[in-house]
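Counting from 2, one number per residue, gives the positions in the sequence shown under the numbering used here.
Built from N, CA and C at the ideal position, the CB exists for glycine as well.
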Amino acid sequence: MSQGHIIEVEDLTKRFKSVAAVDGVSFGVEEGEIFGFLGPNGAGKTTTINILCTLLRPTSGRATVCGFDVARQRSQVRHSIGVVFQDPSLDDRLTALDNLKFHAFIYNLPSKMRRQRIEEVLGMVELWERRGSLVKTFSGGMKRRLEIARGLIHFPRVLFLDEPTLGLDPQSRSRIWEYVGRLRKEEGITIFLTTHYMDEAENANRIAVIDHGRIVALDTPEALKRMVGGDIINLKTADDQRAMGEILEKFGIQAQQDGQGLAFEVSNGGEFIPRLVGGLGIEISSVGLRRPTLDDVFLKLTGRELRDSELGGRDIMKAEMRFGPHGRR
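Written as structure tokens, this is what we have:
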């Protein structure tokens with residue numbers, strides 16, 4: 002393992018018959034960082050994560066987690082990682098305590114250590130007082146916090162968070178991110194994150210954007226936003242299709258429709274807006290100016306078309322129950 006890299010991916014490829022879901026991907030994740038992994042449906046994101054979590058074998062290439070090869074040393078990898086799944090995977094007929102006891106048992110934690118660690122992780126996510134409550138009585142945010150606690154039970158060095166706040170209210174999302182920040186600070190854990198919320202991606206130290214099975218950009222959030230280059234103009238008119246043609250003809254700018262009107266990039270929006278208003282022969286309903294966001298970067302890199310679901314996705318918990326952390330049937 003290279004110095005400072007806790008995850009290394011080299012020319013990783015995964016093919017499903019004639020389709021390359023992952024196509025020669027290479028990147029490294031530094032120990033202790035929050036690493037964002039973003040991509041539209043079908044981009045190769047889930048397939049890559051499943052390979053790193055030892056649920057899929059790569060067709061070619063190499064990947065290591067904590068120095069262990071994901072294809073040849075699956076047991077060591079599984080002991081080194083924790084995973085918080087996108088879909089709920091708790092047994093809501095059990096208490097919070099019983100869910101964690103079962104997970105600790107799977108990972109062979111000694112009885113004395115098991116009790117101490119369960120108290121630690123439940124205290125960390127502020128659920129110790131609810132340890133005896135059935136999970137089905139928990140809110141969505143409480144369940145997510147319990148899943149984070151479960152993912153930490155066996156002292157992992159890397160925690161995979163797959164859409165950790167999907168469907169949660171803003172307050173619960175904020176609390177989850179407080180816990181993630183504390184994890185990194187207090188436990189020294191590396192966080193590998195996927196999210197559709199671009200404001201959450203801002204929390205990452207670096208972000209890799211994958212599309213059509215390939216990494217199309219990898220940098221800090223600020224550096225990625227500089228890729229967009231200028232200001233973003235948002236425009237609504239009486240006839241957006243006609244306005245798009247006039248903007249191209251009169252200003253040489255290709256505007257795009259985004260469902261709410263038109264959007265396009267200019268180098269100096271404050272100076273351009275008066276020219277735009279005076280030059281368009283169409284009634285303008287509204288015009289706005291803003292700085293680039295990660296949403297703009299994401300759309301610029303991956304396009305605006307809807308994608309089909311990705312090939313190769315699996316239920317990670319079912320696989321773990323089937324194989325266990327040792328990777329045996």
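Host beta strand (DSSP E) of residue i (start-end)
i	result
residue 220	215-220
residue 237	232-238
residue 122	Careful: residue 122 lies outside any beta strand (DSSP E), inside the alpha helix (DSSP H) at 112-125.
residue 7	6-17
residue 24	20-31
residue 288	285-291
residue 162	159-163
residue 263	263-267
Supposed close pair residue i, residue j - CB separation, criterion 8 angstroms
i	j	result
residue 169	residue 152	Contact doesn't hold; Cβ gap of about 17 angstroms is too wide.
residue 208	residue 202	6 angstroms
residue 166	residue 149	At roughly 11 angstroms, the Cβ-Cβ gap does not stay under 8 angstroms, so residue 166 and residue 149 are not in contact.
Identity of the residue in the options nearest residue i by Cα
i	options	result
residue 137	119, 107 and 94	94
residue 157	128, 175 and 193	193
residue 229	172, 242, 295 and 273	295
residue 301	145, 273 and 259	259
residue 128	110, 96, 86 and 238	96
residue 239	50, 282 and 299	282
residue 180	204, 199, 197 and 198	204
residue 125	106, 185 and 266	185
residue 173	40, 147, 195 and 284	147
residue 264	284, 38, 292 and 224	292
Residue span of the alpha helix (DSSP H) that contains residue i, given as start and end
i	result
residue 137	Taken as a continuous stretch (DSSP letters only), residue 137 belongs to no alpha helix (DSSP H), as it is neither H nor E.
residue 78	75-81
residue 250	241-252
residue 271	270-280
residue 106	97-107
residue 35	Note, residue 35: premise wrong, no alpha helix (DSSP H); beta strand (DSSP E) at 35-39.
residue 297	295-303
residue 57	Premise fails: residue 57 is in no alpha helix (DSSP H) and is neither H nor E.
Cβ-Cβ distance between residue i and residue j below 8 angstroms
i	j	result
residue 24	residue 304	no
residue 82	residue 54	yes
residue 48	residue 15	yes
residue 241	residue 262	yes
residue 110	residue 155	yes
residue 31	residue 5	yes
Contact test: residue i Cβ vs the ligand MG heavy atom, cutoff 7 angstroms
i	result
residue 231	Only the bare structure without any ligand can be found here, which leaves the ligand MG out of the picture.
C-beta neighbour in chain C for residue i, strict 8 angstroms
i	result
residue 265	Among the chains of the structure shown, chain C does not appear; only one protein chain is present.
>> Which complete beta strand (DSSP E) runs does the segment 176-207 hold, if anything under 3 residues is left out?
In response: 191-195
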